[in-house]
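In our numbering, the protein residues as written are 110 to 370. Where is the CB? At the ideal position from N, CA and C, for every residue including glycine. Quick caveat: nothing in here was measured; it's all calculated off a predicted structure.
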Ligand SMILES: NC(=O)c1ccc[n+]([C@@H]2O[C@H](COP(=O)([O-])OP(=O)(O)OC[C@H]3O[C@@H](n4cnc5c(N)ncnc54)[C@H](OP(=O)(O)O)[C@@H]3O)[C@@H](O)[C@H]2O)c1
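Right, dumping it as structure tokens:
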């Protein structure tokens, strides 16, 4: 999809990858709904979006509230008339170890990574089904969603669930011209996650990650893993015998890394 003069909804836009992507898209005269809980950050972002020549609609709400997600779609359509693209971007991967984590900690993080995407999905589908040109629903997934990484079990599992859900949706929604994208970054240095313990050769800045996302959105790449060096490692890891993979993972950057996404 040509990403000029479009209506775009971005969830998790107040910081990190979502914010950087909103800024990148604001240079192309779009109308952008930005959703997160921290309203003051959204106000600052809206000023930047408007200074770049786009329009912004601020929605400060909790994505775990299904009614609020539904309402965000209605407000966007009421203000801008349609939704061409949504980037469902909310998520986080705090370090949790299965030896000590409680059920509540595990479920809370899985809800954030799964429910905060799903709450928007059916209302977006209902809206895009009515649009002649359909639309694009993209999800910020993670390379962590391809493997059960040490300290990231709940996060990897929730991201994997999102990926499989999107695989089904991609087939079912094709007749409605709704395109479904799974976008999987590696390590991105953000305000909340400095990626301490990860070699800088493997990390990306927020603008770099946003540039990848914008390219994948524009080219409508159904499943996009980046950067290439980590993509190759993930693909290789998936074909290794399990005992070799487990040996590598138990000694890898992941087990030392205190918080990945
Ligand atoms: N950073 C990485 O290395 C990396 C790597 C791979 C994948 N990812 C994925 O990329 C996405 C963005 O991550 P990030 O690193 O940019 O994280 P981040 O800086 O922490 O941004 C997360 C965004 O989600 C919003 N958010 C969190 N909980 C919310 C809720 N309940 N309701 C509404 N908004 C909520 C936050 O805003 P408020 O707090 O204002 O609500 C914030 O805008 C996530 O899905 C993450 O899993 C990140």
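Would you decide whether residue 338 is buried or exposed? Buried here means 16 or more other CB atoms lie within 10 Å of its CB. exposed
For my contact list, residue 168 and residue 144 are in at a C-beta cut-off of 8 Å; report their separation, rounded to the angstrom. 4 Å
How far does the alpha helix (DSSP H) with residue 127 in it reach, from first residue to last? 125-135
Would you kindly report the start and end of the unbroken beta strand (DSSP E) that includes residue 194? 194-197
Give the range of the alpha helix (DSSP H) segment to which residue 299 is assigned. Per DSSP, residue 299 belongs to no alpha helix (DSSP H) and is neither H nor E.
Since I believe residue 336 is in contact with residue 295 (beta carbons under 8 Å), could you give me their beta-carbon distance rounded to a whole number of angstroms? 6 Å
Per-residue burial, residue 237 [other beta carbons within 10 Å of its own, 16 or more giving buried]: buried
Going by other Cβ atoms of all chains shown within 10 Å of its Cβ, with 16 needed for buried, is residue 231 buried or exposed? exposed
For residue 246, count the other beta carbons within 10 Å of its own beta carbon; 16 or more makes it buried, fewer makes it exposed. Which is it? buried
Please determine whether the Cβ atom of residue 299 lies at a distance below 6 Å from any heavy atom of ligand 1. yes
Going by DSSP, what residues sit across from residue 294 in a beta bridge? 335
For a test of the three-state rule: what should DSSP assign to residue 262, helix, strand or coil? helix
Other residues of its chain near residue 256: CB distance less than 8 Å, five sequence neighbours each side excluded: 265, 343, 346, 347, 354, 358
I need the boundaries of the alpha helix (DSSP H) containing residue 187, first residue and last residue. 175-189
Closer than 6 Å to a non-hydrogen atom of ligand 1 - does that hold for the CB of residue 233? no
Which class does residue 308 belong to by DSSP, given the choice of helix, strand or coil? coil
Please name the residue or residues paired with residue 118 in a DSSP beta bridge. 142, 195
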